[in-house]
Structure formats: structure tokens, C-alpha cells
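Working notes for the structure below.
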DNA sequence: CGGTCTGTTGACAGCTTTCAACCTTCGTGG
DNA sequence: CCACGAAGGTTGAAAGCTGTCAACAGACCG
């Protein structure tokens, strides 16, 4: 975390940061800013809000007692998260990079909101179930290939992907160690399937080759 | 599959089997019977119904091109499944043993049904996300222990569990080979943590030891 | 009683993790 | 502008866990 991020964190962690727009914030539709690494909510906290990513990216995860972490989902621009079944959160949510989030209290929502919510919850469900296939039955190469294609698709199908997250995040999402993630990236680069222009950027050179690997 | 099951399958696959109750079937609230192994729906099929298990058990799964299978969920008595985001099913659903299912067409459902559906969808979502932790970050022993505890809890917290499903199903649910599942069962039996009174039956002798293993 | 399906067990191979060393990047401060 | 330090990333070697292959045992059914 950079010093700039640290300042952002201490100042604006969980606090709306929207200078000159207090009125909009009152109305509940101004985004709240989170610095890289800032906690959005924690396991065990009371819940009752829904979150929409305005910019940046979010990781949602669980921890085991010994510190092992499983990231169940990344949420990118435009995506909604924070669905829960009961009064407390079962997961942690953190900003990956500097992130803006629109927070809506579910208690304040009008009556037929549940109907509008269902499709989003179902989208999350299908995504989670498809990820189960990756974690349960695919090897390291297949996992990374599927991850890159998914990220590409969710960023508009472009060849240049901005990953935003560190190798540790990718590993904890794919159920792999950071070393294995790194090795697969290197192998894909050596085969000319991807390029790694900078630390968190990936360019897909041969999408078809990736698709074949993801199978 | 036994011969009895085979007959059930050929006769009643996807057909209501509720002699003398055609009127109730017309009303849509009589269960449809499925023999062990019978398909309830298939990937790619048009969907538009929700399914509630009356008795028996169901597996929901996806396949990779080379035949690898990941069971994303088992559904036991009282549980609802079949949620989908768009017009076609993304998964297969099959009866594990002789199973009765109540099928409700979503098009025929009254307007505010979505509100009632949301909690069930969210329950499935949380279950899937928790299973991601198991598949991504737990070893074979932890996976089997967590599975046994989950099955016990869902069957009323009893010590005697009726698994119903074969080792292959357990393996494809936990992301393990049938041999590994078998080996873990044997090791737990040798340690006196469980007993295996019959093939598909498990008695939890020392629940605390299982909890500790599930970490 | 024989056949088939399911489950168990052993030996070995293979993939991933772990541990360690080193490199790169980036922000900071001299 | 450059040097420095910390954090993140890469690569190699070895260990460990799980998968695969194979043989065998047991249950169920005809």
C-alpha cells in the first residue's frame, strides 16, 4: 500500500468522500470511496446494504482459522454484491485498488425491489457454480486460462486486460499458490499466448489458444 | 441401477406418477417421481420451472468436454433448486435415488413470487460460496469431514447419515477421485471417528473429532 | 451360483506446494 | 536525479498430496 493509499484509508475508510456533494450523499446515490486494501465489510458484521462498484474492483473472501483464504468473487465496474441470507455477513469484502462504491440500504428500498434483485442474485449464483467446476475439476493451466478469458469478457472483450489485483489475489481466487500462478503466466508468455506489458496488465495475443486451454 | 429402478425409469421418467390423484396433478402440486439416475433436466434445455424435493435426493452438475464432472450441489428433502438466469439450463439435474419432486412452472406463479424466491436463491448462493472455500483451500480429509458434517446437519443433526449417493458422486462433489474418498473414509473409520454400517450409511461416532478435522 | 457394479487397497506417477533465493518495480528521501 | 528499501513477482529444487492404474473384495440381483 502506498503512502497515498494509507492516507486515503485513514481518512476515508468507510466514509463518504464526495466534496461538494453532501446533498447527493444524503440522497444515498453518491459513491463512497475506498483506498486499495480498505475493508468494505467484515465477516460477522451486521448487514443490510447492497453495493455497486462504480470504479475500481472488489474482492469478497472467507478465511480459515489458520489464515488460508478463498476469494469467492471479484466484482468489477457495474457489478452488485453484498447479498446475504441473514442478519450478518458471512464474508469479507475489500477494495482491491482505489474504488468507488454506491451503497444502498436494503431497508430503505421500495417494495418490489426483490424482483429486481433476483436476477442479480441469480447471476452471482451461476457465476459461483461455474467457478466450482474450475476449482473442483480443472488444473492450474485451465484455471488461469479460464480466469483470463473471464476477466477479458467482463472488461468488454478487449485483448488488453487490467488485472488490478496481485498474484496472491489470483491464487486465492483460483485455489493455487502464487508461485503456481506465476509459473503458468510465464509458460503462457513463453508460448506466445499472452504478453505481460506490466505487472498487472495482460495482453491476450492468441485468444483461441487460451480457449483451447480453458476447455 | 436395479431392475426395479430401470422399470421406473422407462415408465415414469419425467412423467407424473401419482395414481388416483390426477386432479391434484392438474393443480400442479402433486410430486413427480424419478427413478435413481433419471434426468430431471439437462444443460441447454429450456427452463421455466422450480423444483422442490419431496423425498429422495438430487445432484446438480456440469460436465467438461472430456467427461470430468463437477457436482455443484446435492439437494435433499425440502430443498428447492432449478434457479436459472436465462431461458436455458446451465446444468444437469438427476435423481440420485428414487425421488419425488414437486415442479412449479414459474410462468404460472403469482406476481410477488420473486420476493419469496429471493431467500432461497440466496441460500443456494451462500452454500455455493462456502463450497468454494472447501474446493479451493481444503485438503481431502477436511473436505470429507466438512461434507459429513453438512450432510448430518441437513438431515436433522442425527449421527446416522444416509448418504444415498455413490462414492463417485461424493468425489465429483468434493473435487476428489473415488479412491481418495474411499481412503479418507477408511482412515476416519480406523481412527474411530466414524462407522460404516453399510455402503451409503455413515455413523458419526465422534462429532467433535470431525469438527476439528474440518478446520 | 455367476455376473456386474461398487467399493477398497496398494504402488507409482504427476502435479502442485513449500521453501528458498533472486529479481523487478515503485515510492521515498537524500 | 539517483540510491535505497519494501513489496510484489519469478524461478529452481525438493517434498507431499492426490490421481491413476491395477488387482481384489463385497454386495446385489437374476
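Protein chains in written order, with the numbering used here: chain Z, 59 to 273; chain X, 59 to 273. For glycine and all other residues, C-beta sits at the position ideal for the given N, C-alpha and C.
With contacts defined as CB atoms closer than 8 angstroms, residue 104 of chain X and residue 164 of chain X fail to qualify as a contacting pair. Restricting attention to X:143, X:186, X:226, the CA atom closest to the CA of residue 208 of chain X is found in X:186. Below the 8 angstroms Cβ cutoff, chain X contributes 183 as neighbours of residue 182 of chain Z, in chain order. In this structure, residue 151 of chain X and residue 93 of chain X do not form a Cβ contact; the two beta carbons are roughly 14 angstroms apart against a cut-off of 8 angstroms.
Secondary structure at residue 255 of chain Z: strand, using DSSP grouped into helix, strand and coil. Looking at Z:195, Z:87, Z:228, the one whose alpha-carbon comes closest to that of residue 124 of chain X is Z:195. For residue 141 of chain X, the residues of chain Z that pass the 9 angstroms Cβ criterion are 176, 179, 180, 183, 184, in the order they occur in the chain. Listed along the chain, the chain X residues whose CB falls inside 7 angstroms of the CB of residue 128 of chain Z are 190, 191, 194, 195. Contact of residue 241 of chain X with chain Z by beta-carbon distance below 8 angstroms is absent, the smallest such distance being about 18 angstroms. In summary, the residues of the segment 103-122 of chain X whose CB is separated from some CB of chain Z by less than 7 angstroms are 120, 122, in the order they occur in the chain.
For residue 248 of chain Z, not one C-beta of chain X is nearer than 8 angstroms to its own C-beta.
For a cut-off of 8 angstroms, the C-beta gap from residue 202 of chain X to residue 221 of chain X is around 11 angstroms, too long to register as a contact. Beyond the five residues adjoining it in sequence on each side, residue 239 of chain X comes within less than 6 angstroms, by CB distance, of 225, 228, 229 in the same chain, given in chain order. Taken in chain order, the unbroken stretches of beta strand (DSSP E) that lie wholly in the segment 102-137 of chain X and span 3 residues or more are 107-113, 116-121, 127-133.
In terms of beta-carbon proximity, residue 151 of chain X stays away from the interface with chain Z, with every pair separated by 8 angstroms or more. Your pair residue 126 of chain X and residue 223 of chain X does not check out as a contact, with CB atoms roughly 18 angstroms apart and the cut at 8 angstroms. DSSP, reduced to helix, strand and coil, places residue 153 of chain Z within a strand of the structure shown.
DSSP places residue 205 of chain X in the uninterrupted alpha helix (DSSP H) bounded by 198-212. Taking the C-beta atoms as reference points, residue 154 of chain X is found no nearer than 8 angstroms to residue 198 of chain X. In the three-state reduction of the DSSP assignment, residue 162 of chain Z falls in the strand class, which pools E and B. Secondary structure at residue 261 of chain Z: strand, using DSSP grouped into helix, strand and coil. Counting other Cβ atoms within 10 Å of its Cβ, residue 250 of chain X stays below 16 and is therefore classed as exposed. Residue-level contact check: residue 266 of chain X does not touch chain Z, since none of the beta carbons of chain Z fall below 8 angstroms from its beta carbon. Taking C-beta separations shorter than 8 angstroms and ignoring five residues to either side along the sequence, the partners of residue 210 of chain Z in its chain run 216, 217, 219, 262, 265, following chain order.
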